[in-house]
Amino acid sequence: MLTRISYAFRETWASFQRNVTLTAAAIITSAVSLLLVGTTFLIQRAFDNLLTRWKGDVELIVYVRSDAAPEQIQVIEQALRSQPSIIDVDQLQFLDQAASYAEAQRLFAGDPGTLRLLTPENIPSQFKVVPLAQDSNLIRELGEQFRLLPGVREVAYAQDVFDVVARLSQFIRVATTAMSIVLLIVAVGLIWNTIRTAMFARRREIEVMKLVGATNWFIRIPFMLEGLLQGMIGAVLACGGLWGLNSAWTGAVLDFDDTELSALVVTGGFVRWIMLLILLIGAVAGAVGSGIAASRFLDV
Amino acid sequence: MISRRGSETSMIRLDSVTKTYGSEAPAVRDASFEISKGEFVFMVGPSGSGKSTLLRLMNRQEQPERGSVWVVGRDINSMADSKVPFLRRKIGNIFQDYKLLLNKTVFENVAFTLEVIGRPKHVIRQQVPAVLELVGLSGKEDRFPHQLSGGEQQRVSIARAFVNRPLILLADEPTGNLDPATGEGIMRLLDRINNTGTTVVMATHDQRIVNQMRRRVVQLDRGVIVRDQERGVYN
Chain A
450 MLTRISYAFR ETWASFQRNV TLTAAAIITS AVSLLLVGTT FLIQRAFDNL
500 LTRWKGDVEL IVYVRSDAAP EQIQVIEQAL RSQPSIIDVD QLQFLDQAAS
550 YAEAQRLFAG DPGTLRLLTP ENIPSQFKVV PLAQDSNLIR ELGEQFRLLP
600 GVREVAYAQD VFDVVARLSQ FIRVATTAMS IVLLIVAVGL IWNTIRTAMF
650 ARRREIEVMK LVGATNWFIR IPFMLEGLLQ GMIGAVLACG GLWGLNSAWT
700 GAVLDFDDTE LSALVVTGGF VRWIMLLILL IGAVAGAVGS GIAASRFLDV
Chain B
4 MISRRGSETS MIRLDSVTKT YGSEAPAVRD ASFEISKGEF VFMVGPSGSG
54 KSTLLRLMNR QEQPERGSVW VVGRDINSMA DSKVPFLRRK IGNIFQDYKL
104 LLNKTVFENV AFTLEVIGRP KHVIRQQVPA VLELVGLSGK EDRFPHQLSG
154 GEQQRVSIAR AFVNRPLILL ADEPTGNLDP ATGEGIMRLL DRINNTGTTV
204 VMATHDQRIV NQMRRRVVQL DRGVIVRDQE RGVYN
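Order-wise, the sequence lines are chains A and B.
If you count by the working numbering, then the first sequence holds residues 450 to 749, one letter each, in order.
If you count by the working numbering, then the second sequence holds residues 4 to 238, one letter each, in order.
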């Protein structure tokens, strides 16, 4: 038994050294594809966090024209407060032009073009409204009523933004999943090719092994171990990359100092689960690629 | 049918075996013969007469279209693939081109056989020097194949085939690449191995050797057995 195990590891190591370039290509491809798999999961998680946070937050904003008279603003506020069954009046919040401008400074920090167009004079003031009712149709109906009030510029529903972000997240999920699947297939193919090449280089040895009565498994195992190892090394590299990426992302998000966006941070526990998953996928990909090669090319 | 026929000492038996490669004429046609334990048999005939195919049928490198091949009391064509390695451990193979592993030393080439069938280290350390002494290669354990003469390389290949003490030795033109004197040395070695009770089947078209040895001769012509003679000569 010990002879067999030491044989398998010796042969695996020797083959690794013989095929440095191909092995490196297979490892790097699996690393990149697995990194993408992991990133897909993290992006998904970040969006889910964000959407969950948003759901419980402001869902309706009534923008007031910048030239509205103070009496008009008062009428709007009264109209809002007259609906305590639908609106959480305690959380009703009015941002005057100065406050709206300050908020805009923050929201459009990444868009100086838009920011330049805004001044404390032309920016609309706004009522941030938290509805009590869960029925979005009811909220929309109410919003349409407010829209007709004099001085109201526009009524925005957070639901719309929410839908856009949800659709965006769905799109990103599909795109990254598709890309990682394609890359994963490429990685399996490269591992398959590496093992096939390794077996071809040793066909004479394999022929002799078969003639003297080595079992197929005895011949296969070092090759399969080699593929498994390539997949796992790729996975370890991907885990390192994922950790680095997530740390950088977390740092960047927290630098924004924005409590809403901080939901985009994915915590360490989840990242560790994803790493474990990546290691597993890497091992399976390596075993599958080399397993197919080792079974198909054993007939010499 | 009867699961086992023939005498108790039967090592190899072919029953009406036909083997065709692709659409060509059969390489072996309706071949039947039996080889007993401890026999030394020459398969003779010109190139392409089916000698090598017959040997390849005996260790299931090939499967016949018709007929059955029995080795050590078993129908090897109905044998599961997973059992074939264990059949081959009872059979040693020698080739015209030696089939040595060029990146391994003499010792490693012979030890390889034992290693791949999972024999422990202490057995390898004991049996390899013994068989190298038998074939006359003591002292050359650490040489690589390219440092040896053709005759010596064939001795390594015989050592490799015999180190596991097989019941049967299949030799395909073992002297084909050697000069007559060296070939004679190889034949003396095969004779010695045969004297230990190992059955030897050798394909050759070397008339001199066959005539000298005076052993059983099975002659093939275009895949058909045309002569099976005890203590025969080439023609």
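Glycine is no exception: its CB is placed at the ideal position from the N, C-alpha and C atoms.
N-terminal and C-terminal residue of the alpha helix (DSSP H) that residue i is part of
i, result
"A/Tyr550", "546-556"
"A/Ile510", "It is not in any alpha helix (DSSP H) - A/Ile510 instead sits in the beta strand (DSSP E) that spans 509-513."
"B/Arg158", "153-165"
"A/Leu660", "652-660"
"B/Thr185", "183-198"
"A/Thr699", "665-705"
"A/Val733", "717-745"
"A/Ser711", "Premise fails: A/Ser711 is in no alpha helix (DSSP H) and is neither H nor E."
"B/Gly142", "Where B/Gly142 is concerned, there is no enclosing alpha helix (DSSP H), given that its DSSP letter is neither H nor E."
"A/Arg530", "519-530"
"B/Gly51", "First-last for B/Gly51: undefined, no H or E at that position."
"B/Leu103", "From DSSP, B/Leu103 is part of no alpha helix (DSSP H); its letter is neither H nor E."
"B/Asn214", "210-216"
"A/Leu564", "561-566"
Any chain B beta carbon closer than 8 angstroms to residue i
i, result
"A/Thr397", "Absent from the model: residue 397 of chain A. The displayed extent of chain A is 450 to 749, so no value can be given."
"A/Leu729", "no"
"A/Glu460", "no"
"A/Ser482", "no"
"A/Phe746", "no"
"A/Ile467", "Per the sequence shown, residue 467 of chain A should be read as Arg rather than Ile. Cβ-Cβ to chain B under 8 angstroms: no for A/Arg467."
"A/Arg652", "no"
"A/Arg616", "no"
"A/Val657", "yes"
"A/Arg453", "yes"
Limits of the unbroken beta strand (DSSP E) element including residue i
i, result
"B/Leu17", "13-22"
"A/Arg602", "601-606"
"B/Arg92", "Looking at the DSSP string, B/Arg92 is not in any beta strand (DSSP E), and its letter there is neither H nor E."
"B/Ile171", "171-175"
"B/Asp120", "Looking at the sequence itself, residue 120 of chain B is Ile, so the reference to Asp does not match. Segment: none, B/Ile120 is in no beta strand (DSSP E) and carries neither H nor E."
"B/Thr202", "202-207"
Three-state secondary structure (DSSP) of residue i
i, result
"B/Glu37", "strand"
"A/Pro580", "strand"
"B/Ile79", "coil"
"B/Val44", "strand"
"B/Phe110", "helix"
"A/Val538", "helix"
"B/Arg225", "coil"
"A/Val635", "helix"
"A/Val614", "helix"
"B/Gly70", "strand"
"B/Val131", "helix"
"B/Val220", "strand"
"A/Asp516", "coil"
For residue j and residue i, the rounded distance between their alpha carbons
i, j, result
"A/Ser744", "A/Phe667", "12 angstroms"
"B/Gln156", "B/Met205", "18 angstroms"
"B/Met82", "A/Leu726", "42 angstroms"
"B/Leu151", "B/Asp100", "14 angstroms"
"B/Ala34", "B/Arg230", "11 angstroms"
"A/Leu660", "A/Ala473", "33 angstroms"
"B/Phe98", "A/Glu460", "26 angstroms"
"A/Arg651", "A/Asn642", "14 angstroms"
"B/Phe89", "B/Gly51", "29 angstroms"
"B/Arg146", "B/Val109", "6 angstroms"
"A/Leu703", "A/Val714", "8 angstroms"
"B/Thr12", "B/Glu37", "10 angstroms"
"B/Gly235", "B/Glu136", "32 angstroms"
"A/Leu591", "A/Ala475", "59 angstroms"
"B/Arg128", "B/Val220", "38 angstroms"
"A/Gly700", "A/Ile454", "46 angstroms"
"A/Phe620", "A/Leu485", "15 angstroms"
"A/Gly717", "A/Ala684", "18 angstroms"
"B/Val20", "B/Arg69", "5 angstroms"
"B/Arg32", "B/Arg63", "17 angstroms"
Beta carbon proximity, residue i to chain A, threshold 8 angstroms
i, result
"B/Gly121", "yes"
"B/Asn80", "no"
"B/Glu118", "yes"
"B/Pro132", "no"
"B/Arg158", "no"
"B/Arg191", "no"
"B/Arg91", "yes"
"B/Pro29", "no"
Any non-hydrogen atom of the ligand FAD closer than 7 angstroms to residue i Cβ
i, result
"B/Asn238", "The ligand FAD is not part of this structure, which contains no ligands at all."
Along the region 96-110 of chain B, where does the CB come closer than 7 angstroms to a CB of chain A? Name the residues.
Asn96, Lys102, Leu104
Identify each residue in the region 659-671 of chain A for which the Cβ-Cβ distance to at least one residue of chain B is less than 7 angstroms, and report them in chain order.
Leu660, Val661, Gly662, Ala663, Thr664, Phe667
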